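First residue of the sequence shown: 1, per the working numbering; consecutive thereafter.
We put the CB at the ideal spot given by N, CA and C, even for glycine.
Predicted model, so just to flag it, every value in this text is computed and none were measured.
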Amino acid sequence: MRQSSLVVVANRLPLDDSAAPDGACEWRRSPGGLASALHAILEQTPATWVGWAGGVGPAPTLPDIGSLRIRPIALSEAELRGYYEGFANSTLWPLYHDAVEQPVFDRGWWETYQAVNRRFAEAAAEVAEPQAAVWVQDYHLQLVPQMLRELRPDLLIGFFLHVPFPPPELFTQLPRRVELLRGMLGADLVGFQRPQAAHNIAQLATRLLGAQATDDTILLDGRTVRTGAFPVSIDVAEMQALARRPDVVSQAEQLRIRLGRPRRVLLSVDRLDYTKGIEHRLTAYSELLRDGRVQVHDSVVVQVAVPSRERVDSYKVLRDRIEGEVGRINGEYGRVGEPAIHYLNQPFDRAELAALYQTADVMVVTPLRDGMNLVAKEYVAARADGSGALVLSEFAGAAAELEDAFLVNPHDVDGLKDTLLQAMDASPADLKRRMAAMREHLRNHDILAWARAYLTELDHTGRLAERLPTPPPGQPPRTRPARPVPRQRTVARRRPRA
Ligand code: ADP
Ligand code: G6P
């Protein structure tokens with residue numbers, strides 16, 4: 001096995017197998033924020049990605065993607081259930097998202113989670129050169145940093161959590177809280193989307209492990225673990241280039257015609273997930289129709305809900321509820337040839353997404369809780385002419401950066417209705433001003449800036465960051481975190497309490 005000096009370890013590979021139109025197996029980019037973000041930088045960087053290709057049974061043989069080598073990890077049916085569908089997506093995912101859905105604590109899943117984490121750690125140890133950097137991603141692999149440190153103490157180990165890291169009141173519900181915390185803290189640098197998360201882990205390390213902690217340093221077992229906020233972003237240049245492509249522009253025009261040339265197109269693009277607030281949004285829209293504040297011939301809603309985690313019960317139930325509600329709204333308010341909601345439960349390629357973003361006068365991104373939400377950033381990047389309105393939940397990490405969006409509390413259905421109308425009726429001058437400010441922010445905070453900031457903090461010599469693709473002309477290389485992180489709030493030391 002060839003070794004690399006940079007290894008990324010993430011549950012999901014950036015490829016999904018899907019059937020091509022002729023029935024053959026075809027690999028396409030997987031939906032989801034993590035794969036979108038990392039794919040953009042790693043394609044051009046000599047590195048190895050250790051991850052799962054979806055499906056069960058022996059790992060498939062996968063081609064390199066540009067200069068990126070792929071090291072697939074196999075999962076059995078029982079592992080898929082216990083590790084991915086169980087502990088990762090029925091325990092950690094809901095708990096880390098404010099428990100908007102009840103987390104399931106099933107004692108049988110823990111051993112599988114540990115065993116699969118060990119398999120990822122062993123694969124990473126095998127493909128990492130001496131003194132290599134290994135960058136572990138997300139809640140599926142929280143035990144990997146410590147396991148890897150035991151296997152390969154020579155490595156530089158980074159961990160980045162793409163989802164929110166909850167406050168102690170929620171995290172301490174976890175029966176395996178001490179092991180999970182120790183697992184993450186096996187890294188040299190633990191990165192989060194928001195400064196609040198670094199504060200939460202400092203409190204937890206103090207309370208549960210008796211560590212000495214500030215909001216950017218945790219002293220544990222004689223070792224210093226650094227923590228900080230590094231808000232993830234998108235490949236802005238890629239989305240801008242797509243949005244300018246003549247075939248995408250004409251596809252967007254065609255879409256508008258097919259939608260009946262309404263005055264306003266409202267668009268939402270989500271994985272079909274209960275954190276995304278799709279039901280609250282449907283309620284708000286249906287009430288606007290009921291109250292006569294919007295009409296179907298005038299405003300059209302397009303809801304893209306890409307299938308996700310389809311065997312997990314809560315996702316099955318959610319899909320049934322959403323599809324029932326879309327059917328009810330269309331039955332009640334639609335007219336022949338004029339549905340109130342165009343509902344698409346399918347994946348799209350990047351160009352199709354860019355065309356959809358261009359068609360949307362109002363982009364509605366209203367998760368109940370979201371680590372970042374890259375869809376909001378993609379929409380802003382795709383609005384080449386500076387028009388368009390973004391309605392954005394206060395509870396998405398992106399809200400801290402895209403402050404000129406129409407910010408909204410998605411739990412407040414009346415507030416959501418008013419904000420939707422406000423965005424639909426805003427003056428072109430107001431929209432242009434808001435969009436210009438958001439586009440300016442994104443220009444300086446793209447995916448490269450994120451990776452550069454994180455890798456420079458991981459390795460102060462700059463050796464890692466230097467290997468990333470060069471920034472587009474006019475954009476200075478960043479060497480510090482993209483946004484300032486509050487520093488040095490000391491958390492009092494307490495006795496460990498397991
Ligand atoms: P999450 O990380 O929870 O999936 P994000 O909004 O951060 O949410 O990221 C979603 C990513 O998945 C975006 O890059 C988006 O373009 C992509 N995506 C969403 N819906 C689709 C779809 N129907 N087809 C293909 N990609 C999609
Ligand atoms: C979020 C998670 C990622 C995950 C993605 C898609 O972005 O943070 O780790 O890959 O959702 O979910 P899936 O279960 O399909 O990988």
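Cβ-based burial, residue i [other Cβ within 10 Å; buried from 16]
i              : result
valine 296     : buried
proline 344    : One detail in the question is off: residue 344 reads as leucine in this sequence, not proline. That one is exposed.
glycine 526    : Since the first residue of the chain shown is 1 and the last is 498, residue 526 is not available in this structure.
methionine 1   : exposed
glutamate 101  : buried
valine 302     : buried
glutamine 499  : Residue 499 is absent from the model: the chain starts at 1 and stops at 498.
alanine 78     : exposed
arginine 258   : exposed
glutamine 142  : buried
glutamine 254  : exposed
aspartate 291  : exposed
serine 233     : buried
lysine 417     : buried
arginine 489   : Here the model assigns arginine 489 a pLDDT of 36, short of 50, so the residue's position is not dependable, and the following value carries that caveat. So arginine 489 counts as exposed.
serine 286     : buried
glycine 397    : buried
histidine 280  : buried
proline 476    : Because the pLDDT of proline 476 is 46, which lies under 50, any placement of that residue in the model is unreliable, and the question is left without a value.
asparagine 373 : buried
valine 317     : exposed
leucine 191    : In the sequence under discussion, the amino acid at residue 191 is glycine, which differs from the leucine named in the question. So glycine 191 ends up on the buried side.
arginine 335   : exposed
glycine 228    : buried
asparagine 224 : Note on identity: in this sequence residue 224 is threonine, with asparagine being the wrong assignment. Under this definition threonine 224 is an exposed residue.
glycine 82     : buried
glutamate 130  : Looking at the sequence shown, residue 130 is not glutamate but proline. Counting Cβ neighbours within 10 Å, proline 130 comes out exposed, since fewer than 16 surround it.
serine 36      : buried
Three-way DSSP call (helix, strand, coil) for residue i in this model
i                 : result
methionine 239    : helix
proline 166       : coil
tyrosine 84       : helix
valine 336        : coil
leucine 288       : helix
glutamine 173     : coil
valine 491        : With a pLDDT of only 36 at valine 491, under 50, the local geometry of the prediction cannot be trusted, and the value read off the model is given with reservation. Valine 491 falls in the strand class under three-state DSSP.
histidine 342     : strand
leucine 92        : helix
alanine 252       : helix
phenylalanine 348 : coil
isoleucine 234    : coil
phenylalanine 192 : strand
glutamine 422     : helix
asparagine 11     : strand
valine 269        : strand
aspartate 313     : helix
glycine 51        : strand
aspartate 446     : coil
lysine 147        : It is worth fixing the name first, because residue 147 is methionine in this sequence and not lysine. Helix, per DSSP.
threonine 227     : strand
arginine 69       : strand
alanine 381       : helix
aspartate 320     : helix
leucine 374       : helix
Residue of the options minimising C-alpha distance to residue i
i              : options                           : result
asparagine 442 : Gly57, Glu253, Val236 and Val104  : This sequence places leucine at residue 442; asparagine is not what is there. Checked all of Gly57, Glu253, Val236 and Val104; the closest Cα to leucine 442 is Val236.
arginine 369   : Trp93, Asp430, Val9 and His39     : Trp93
aspartate 106  : Tyr96, Val100 and Ala88           : Ala88
aspartate 425  : Asp412, Ala354, Val375 and Leu390 : Leu390
histidine 411  : Trp110, Ser393, Ser90 and Glu403  : Ser393
aspartate 138  : Leu407, Ser427, Ala10 and Gly210  : Ala10
threonine 91   : Val312, Ala133, Glu352 and Leu259 : Val312
proline 428    : Gly388, Phe395 and Trp49          : Gly388
valine 56      : Leu174, Leu75, Leu151 and Trp110  : Leu75
glycine 51     : Ala123, Asp414, Pro164 and Pro103 : Ala123
glycine 337    : Arg467, Gln422, Val300 and Ile65  : Val300
glutamate 85   : Asp247, Ser314, Leu38 and Tyr274  : Ser314
Contact test: residue i Cβ vs ligand 4 heavy atom, cutoff 7 angstroms
i             : result
asparagine 89 : Ligands present in the displayed structure are limited to ligand 1 and ligand 2, and ligand 4 is not among them.
(Q) Assess contact between the segment 257-271 and the segment 351-365, defined as three or more Cβ pairs (one per stretch) separated by less than 8 angstroms. Is contact present? (A) Yes: at least three Cβ pairs fall under 8 angstroms.
Q | At least 3 beta-carbon pairs within less than 8 angstroms: the segment 108-123 vs the segment 325-335 | A | The segment 108-123, when compared against the segment 325-335, does not touch it at the 8 angstroms Cβ threshold.
Q. If we count Cβ pairs, one from each stretch, closer than 8 angstroms, do we get three or more for the segment 185-199 versus the segment 141-159?
A. yes
Q.
For the structure I just gave you, are there three or more beta carbon pairs, one from the segment 201-221 and one from the segment 345-353, closer than 8 angstroms?
A. no
Q: Tell me, please, whether the segment 243-258 touches the segment 351-358 by the rule of three or more beta-carbon pairs shorter than 8 angstroms.
A: yes
(Q) Check whether the segment 167-184 and the segment 395-406 touch, using three or more Cβ-Cβ pairs below 8 angstroms as the test. (A) no
**Q.** the segment 212-224 contacting the segment 189-203, beta-carbon criterion three pairs below 8 angstroms
**A.** yes
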